[in-house]
Every structure is written in C-alpha cells, then in structure tokens.
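Notes for the one structure printed next.
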Amino acid sequence: DAGVTQSPTHLIKTRGQQVTLRCSPKSGHDTVSWYQQALGQGPQFIFQYYEEEERQRGNFPDRFSGHQFPNYSSELNVNALLLGDSALYLCASSFGTGAYEQYFGPGTRLTVT
Amino acid sequence: AQSVTQPDIHITVSEGASLELRCNYSYGATPYLFWYVQSPGQGLQLLLKYFSGDTLVQGIKGFEAEFKRSQSSFNLRKPSVHWSDAAEYFCAVGAGSDFGNEKLTFGTGTRLTIIP
Chain F
1 DAGVTQSPTH LIKTRGQQVT LRCSPKSGHD TVSWYQQALG QGPQFIFQYY EEEERQRGNF
61 PDRFSGHQFP NYSSELNVNA LLLGDSALYL CASSFGTGAY EQYFGPGTRL TVT
Chain V
1 AQSVTQPDIH ITVSEGASLE LRCNYSYGAT PYLFWYVQSP GQGLQLLLKY FSGDTLVQGI
61 KGFEAEFKRS QSSFNLRKPS VHWSDAAEYF CAVGAGSDFG NEKLTFGTGT RLTIIP
C-alpha cells in the first residue's frame, strides 16, 4: 500500500519564478492538505482540497494556489517566489472532510535564491 | 482559534530513561489531538491520536499520551527511550468534524536528543 508521495524531492528556484509541487495521496484517501514548514518551525496549514475544491485556506497570500485532480492527486503552485518561501512543503492526505488523522508525505524542500 | 504550545524546545534524555514531552492546547470545543514524529529531512509520522473515550491512548513505538481536559494538556510519554527515538516531536490539534475547519494546527516542536 503506497503512502503519500511527493515530487520533486528538492527544488531550487530564483526569486520571482514560479513553482509547481505535486502530491499523490495514500490509497483510499480523497482529501489533500498542504502545509509549509519553515526551518525550526512546525508545519503551517496552507489549504485543503476535497472533491476538487478548496475547502479551507490558511493565512497565505494568493500567490499560493492549488488544484486537485479527479484521481485525488494535487498540485501546489507558488508564483512570484520570495526568499521567505524557502521551506519544506508537506502534503497530507486523509479520508473525507474533518480534521481527522492526516498522513504526511516526505515533503519537497524548496530553496529560493 | 485553535493553538498548541510545546513549552520545551529541546530535551536531552539518557537511553533507557523515561520521557515526557509536554503539550498544551487551546480550542473551544472537544479537540482532536495528535502527536507526530519527524526525523531529519523527513515527513511526519503519526504516533498516536485522541478523538474521544479513554483519555490514555497508546501509539506506535511504545509511546502513549494522556488527555487531561482540566489542564488542556496532551503529554506524550515513553517508559524507556531508545537511541532511535531521537527526532523532532510535534503536537497538533484539529477541530474534527467542525465543518469548514479541517486544518491541523501544530506546535513548534520539541527536539529530543538521546545520550548513551
């Protein structure tokens, strides 16, 4: 049973560029949440997708956007990258709505130079 | 708004000694509580969860946690730590089926170091 997978593992971008991160949920899960984890901090909620719609959004600017596909996989897009966007981006999957247990992928390490 | 406080940034424990990591939460209704562990450069692994019922919950790797509503706490314990337990530990609170509030809110983490 495959767990949550994310790609790429690492990414280096320049300020002002755009980036797309990808996530495949655990088998049987239909909900995907994205979190940003800055160095030395706990994960911060970005948004959650269910039934291909954004259900809830954290305190992140509109430069952060997402999408969920019919197969439940998801993408996180960040436009106009800033140095402060450098972080580990974690995808978590769960079944159905509600803040029940979420299973996390290994993350994508984004470095903005 | 929900929040989590982990008052200990870093804890050092001898191998074989007991461990307790503290977690205090703030949430207006019945919380859903979680402990996750993160090894360097890795994602988060769920150790245990509390939704309702017995306030002492058992998790993987020999960990347990106790929910104390009167103290708004959900402390993680292990009777005897192993060197492989060295990692970062995060406490999180969720709102369960509170429609429109499905996020998990995490504490800032406690880094656990094990000495021989």
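Quick mapping for you: the protein sequence lines, in order, are chains F and V. Under the numbering used here, residues 1 to 113 are what the first sequence spells out, in order. Under the numbering used here, residues 1 to 116 are what the second sequence spells out, in order. Just so you know, even glycine gets a beta-carbon here, dropped at the ideal spot from N, CA and C.
Anticipated Cβ contact below 8 Å, residue i with residue j, distance rounded
i: S18 of chain V; j: S80 of chain V; result: 7 Å
i: S3 of chain V; j: Y25 of chain V; result: 7 Å
i: F67 of chain V; j: K49 of chain V; result: Contact flag wrong, Cβ pair sits at about 10 Å.
i: Y72 of chain F; j: V32 of chain F; result: 7 Å
i: L44 of chain V; j: T110 of chain V; result: In fact, because the Cβ distance is near 14 Å, the residues do not count as touching under 8 Å.
i: F95 of chain F; j: H10 of chain F; result: That pair is no contact at about 29 Å.
i: F90 of chain V; j: L76 of chain V; result: Not quite, the Cβ-Cβ distance comes to about 10 Å (not below 8 Å), so this is no contact.
Any chain V beta carbon closer than 8 Å to residue i
i: F104 of chain F; result: yes
i: S27 of chain F; result: no
CB contact flag (residue i, residue j, <8 Å)
i: T20 of chain F; j: T113 of chain F; result: no
i: L47 of chain V; j: G59 of chain V; result: yes
i: P106 of chain F; j: Q42 of chain V; result: yes
i: L112 of chain V; j: A92 of chain V; result: no
i: G16 of chain F; j: A80 of chain F; result: yes
i: K26 of chain F; j: Y103 of chain F; result: yes
i: G84 of chain F; j: N77 of chain F; result: no
i: P8 of chain F; j: T111 of chain F; result: no
i: Y35 of chain F; j: Q44 of chain F; result: yes
i: S74 of chain F; j: Y49 of chain F; result: yes
Partners in chain F for residue i, counting only beta-carbon separations shorter than 8 Å
i: K103 of chain V; result: S33, F45, Q48, Q56, G58 and A99
C-beta neighbour in chain F for residue i, strict 8 Å
i: T108 of chain V; result: yes
i: L112 of chain V; result: no
i: K61 of chain V; result: no
Under 9 Å from the C-beta of residue i: neighbouring residues of chain F
i: F90 of chain V; result: G42 and P43
i: K49 of chain V; result: Y100 and E101
Where residue i meets chain V, residues with beta-carbon distance less than 9 Å
i: L90 of chain F; result: G43 and L44
i: G107 of chain F; result: G41, Q42, G43 and L44
Beta-carbon contacts of residue i that lie in its chain and below 6 Å, excluding the five residues immediately before and after
i: E52 of chain F; result: Q68
i: V57 of chain V; result: L48, Y50 and A65
Nonlocal neighbours in the same chain, by C-beta distance under 8 Å from residue i, ignoring five residues either side
i: S107 of chain V; result: In the sequence on display, residue 107 of chain V carries Gly and not Ser. For G107 of chain V, where only same-chain residues beyond five positions count, the Cβ hits under 8 Å are V4, T5, Q6, C23, F90, C91 and A92.
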